[in-house]
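These notes are about the structure you will find just below.
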Amino acid sequence: MDSKTPRHRNREEKSAATRARLTAAARKLFDEEGYHNVSVTEIARLAGVTHAMINVYFHSKAGLLYALIHENNASQIDALSGSVPLHASFDEKLRHIVTIYVQGDLEDPRLLAVMQAYFWQWPAETEFENRLQLRQALSPLLQAMRDSRRFAHRSGEELEEALAAFYAIYTHGLRPAIYDEASVQHCIELILRRSSILFAGLANTQDAWRDHARDEASL
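Residue numbering for the sequence shown follows my numbering, beginning at 43 and increasing consecutively.
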């Protein structure tokens, strides 16, 4: 039962509408002019509110950019939720997950570049919040690794390390879209090709690694 008064609900609806107008305006201007070339006054003007509203809802222009990053991550989490085929092979699951990720991230390559740059500048508390959301976004892949028999000999810690390595491969695999105007499909195949090397190594048993080391030592 909703115990909120009509006045309270109306205030919440207005706040949500204001936030939505500000994020939409920021997304448009950051894409067209670049993050550093846009002022809070311009964003507020396009949104039809005073620039003080940015401080009220987002604390700063940087906070507004983080809200866009959070929106993008949430969209990918929603897109993946329940969509990974349960009885598919690991490779099929990986392709599905990477496709959803890349399609979402490359909807706007220029804005993605702005967001990627901000990753290295935000405060520690923002990094902590983003790591939590990123972990949620990557959880379907971690689950696919846990469910695959080929990685059954690996510890939970090793799977976590592999997940971090995959994310590095993934992030770097988006760069051709920004600098070389590569297609979404090109980036998907690039990420899958590079990550296949990672997962092939992860699938190797300790005996295989020892045999490899022994062969190397005999050369």
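Yeah, the Cβ is synthetic: ideal placement off N, Cα and C, and Gly gets one too. From a predicted model like this one, the values you see are computed outputs, not experimental measurements.
Hey, quick one: how far does the alpha helix (DSSP H) through residue i stretch, first residue to last?
i      : result
Ser225 : Counting along the chain, Ser225 falls outside any alpha helix (DSSP H), and DSSP gives it neither H nor E.
Tyr108 : Lys103 to Leu122
Pro182 : Ala166 to Asp189
Leu88  : Val82 to Ala89
Ala94  : Ala94 to Phe100
So for residue i, helix, strand or coil by DSSP?
i      : result
Glu149 : coil
Asn246 : coil
Leu267 : The first residue shown for the chain is 43 and the last is 261, placing residue 267 beyond what the model contains.
Pro218 : helix
Ser238 : helix
Leu159 : At residue 159 the sequence reads Ala, which differs from the Leu that was named. Residue state, collapsed to three classes: helix.
Leu128 : coil
Ser57  : helix
Ala194 : coil
His254 : Confidence in His254 is poor, its pLDDT being 47 and thus under 50, which makes the residue's placement unreliable; the coordinate value appears in the next sentence. DSSP places His254 in helix when its eight states are reduced to three.
With a cut-off of 8 Å on the beta carbons, I'd call residue i and residue j a contact; round off their distance for me.
i      : j      : result
Met95  : Thr65  : With a Cβ gap of about 12 Å, Met95 and Thr65 do not count as contacting.
Ile139 : Gln178 : The Cβ separation is near 13 Å, so there is no contact.
Leu122 : Pro182 : 5 Å
Leu205 : Leu180 : 6 Å
Arg63  : Val91  : 7 Å
Tyr143 : Tyr221 : With 8 Å as the limit, Tyr143 and Tyr221 do not qualify as a contact, their Cβ atoms being about 19 Å apart.
Val156 : Gly243 : Not confirmed; about 34 Å, so no contact.
For the region 105-113 against the region 188-207, are there 3 or more C-beta pairs whose distance is under 8 Å?
no
Determine contact between the region 149-162 and the region 123-132, defined as no fewer than three beta-carbon pairs at a distance below 8 Å.
no
Tell me whether the region 98-110 and the region 68-86 touch, counting them as touching only if at least three CB pairs, one residue from each stretch, are closer than 8 Å.
Taking one beta carbon from each stretch, the region 98-110 and the region 68-86 have 3 or more pairs nearer than 8 Å; the two touch.
Decide yes or no for the touch test of the region 238-246 against the region 213-220: beta carbon pairs closer than 8 Å, at least 3 of them.
no
Within 8 Å, do at least three Cβ pairs link the region 137-148 to the region 220-237?
For the pair of segments examined, the region 220-237 was found to touch the region 137-148: the number of CB pairs separated by less than 8 Å reaches three.
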